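One structure is given below, encoded as structure tokens.
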Amino acid sequence: MSQFELILASSSQTRKDLMDRLGLDYRCISPDIDESVQGETHADDLAKRLAYQKAHVIAEQHPNAIVIGSDQVAWREHAPDDFIGKPLTIENAKAQLAANSGRTVFFSTALSVQCLEKSFEHTLVEHYQVKFRNLSAPEIERYVDLDLPLQCAGSFKCESLGISLFEKMIGDDQTTLMGLPMIQLCKILRQFGIAVP
Numbered sequence: 003m004s005q006f007e008l009i010l011a012s013s014s015q016t017r018k019d020l021m022d023r024l025g026l027d028y029r030c031i032s033p034d035i036d037e038s039v040q041g042e043t044h045a046d047d048l049a050k051r052l053a054y055q056k057a058h059v060i061a062e063q064h065p066n067a068i069v070i071g072s073d074q075v076a077w078r079e080h081a082p083d084d085f086i087g088k089p090l091t092i093e094n095a096k097a098q099l100a101a102n103s104g105r106t107v108f109f110s111t112a113l114s115v116q117c118l119e120k121s122f123e124h125t126l127v128e129h130y131q132v133k134f135r136n137l138s139a140p141e142i143e144r145y146v147d148l149d150l151p152l153q154c155a156g157s158f159k160c161e162s163l164g165i166s167l168f169e170k171m172i173g174d175d176q177t178t179l180m181g182l183p184m185i186q187l188c189k190i191l192r193q194f195g196i197a198v199p
């Protein structure tokens with residue numbers, strides 16, 4: 003059994019739900035970082051920097067803990083420099099879904115695990131794709147009203163009714179789409195002697 007405290011550097015309910023699947027004791031601390039773009043021209047680079055910074059801010063405060071940071075950036079086919087953010091308003095969500103209609107949206111999801119006491123830092127990016135079916139305006143309106151995906155990049159919740167918007171999903175680990183690549187996380191936690199399962 004690992005002697006390290008486990009901290010999820012996040013305030014995301016979806017990431018908490020994913021961590022809960024593991025049945026491990028952990029706590030959440032929300033990192034206070036600037037999430038604005040700082041010259042990045044590819045979604046992978048932005049996601050990686052933000053995941054690293056989230057974990058690092060908390061790791062510096064808790065150097066003997068294993069800290070997990072994650073971040074996700076969405077982008078449309080052939081445009082990895084045109085980041086799709088959280089819509090925040092109903093109008094923006096509808097506009098995002100209209101733009102996604104019939105198109106493939108890519109998700110760059112970064113994971114950073116850090117433990118300063120062990121001089122351990124591992125940051126990686128996983129990818130997932132979603133092909134949207136052709137969406138009508140009434141379908142978009144109905145979906146946004148029902149699921150209110152205002153805090154979700156791409157304006158959908160795949161773990162909820164968002165699944166009805168897709169033609170297909172492409173990737174190795176569906177949790178990558180949800181914002182925390184669990185297969186990779188479990189692999190790293192096992193390196194610390196944490197039993198999963």
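Using this note's numbering, the first residue of the sequence shown is number 3, and each one after it goes up by one. Just so it is clear, CB atoms sit at the ideal spot from N, CA and C, and this is done for glycine as well. As the structure is a computational prediction, the values presented were derived from the model and not from experiment.
inquiry  = Just to confirm, is the Cβ distance from Ala-1 to Ile-86 under 7 angstroms?
reply    = Nothing can be reported for residue 1, as the shown portion of the chain is limited to 3 through 199.
inquiry  = Determine whether the beta carbon atoms of Ile-9 and His-58 lie at a separation below 7 angstroms.
reply    = No, these two residues do not count as a Cβ contact at 7 angstroms.
ask   = Do the stretch 116-126 and the stretch 63-81 make contact, defined as three or more Cβ pairs closer than 8 angstroms?
value = Cβ pair count under 8 angstroms is three or more, so yes.
Nearest-angstrom beta carbon gap, Lys-50 and Val-127 [assumed within contact, 8 angstroms] = Contact flag correct, Cβ pair sits at about 6 angstroms.
ask   = First and last residue of the alpha helix (DSSP H) that includes Lys-189?
value = Unbroken alpha helix (DSSP H) run through Lys-189: 184-193.
task = Report yes if the C-beta of Leu-148 is less than 6 angstroms from at least one heavy atom of the ligand GDP; otherwise report no.
result = For the structure depicted, the ligand GDP is absent and the ligand set is empty, with no information on it obtainable.
inquiry  = Any contact between the stretch 15-23 and the stretch 178-194? By contact I mean 3 or more CB pairs, one from each, below 8 angstroms.
reply    = As far as the Cβ criterion goes, the stretch 15-23 touches the stretch 178-194, which means the pair count is three or higher.
ask   = Taking buried to mean at least 16 other C-beta atoms within 10 Å of its own C-beta, is Val-69 buried or exposed?
value = Its Cβ being crowded by 16 or more others within 10 Å, Val-69 is buried.
Start-to-end residues for the alpha helix (DSSP H) that takes in Glu-93 = Here the alpha helix (DSSP H) through Glu-93 covers 92-102.
ask   = Alpha carbon to alpha carbon, how far is Gly-173 from Val-132?
value = In a straight line, the C-alpha of Gly-173 is about 9 angstroms away from that of Val-132.
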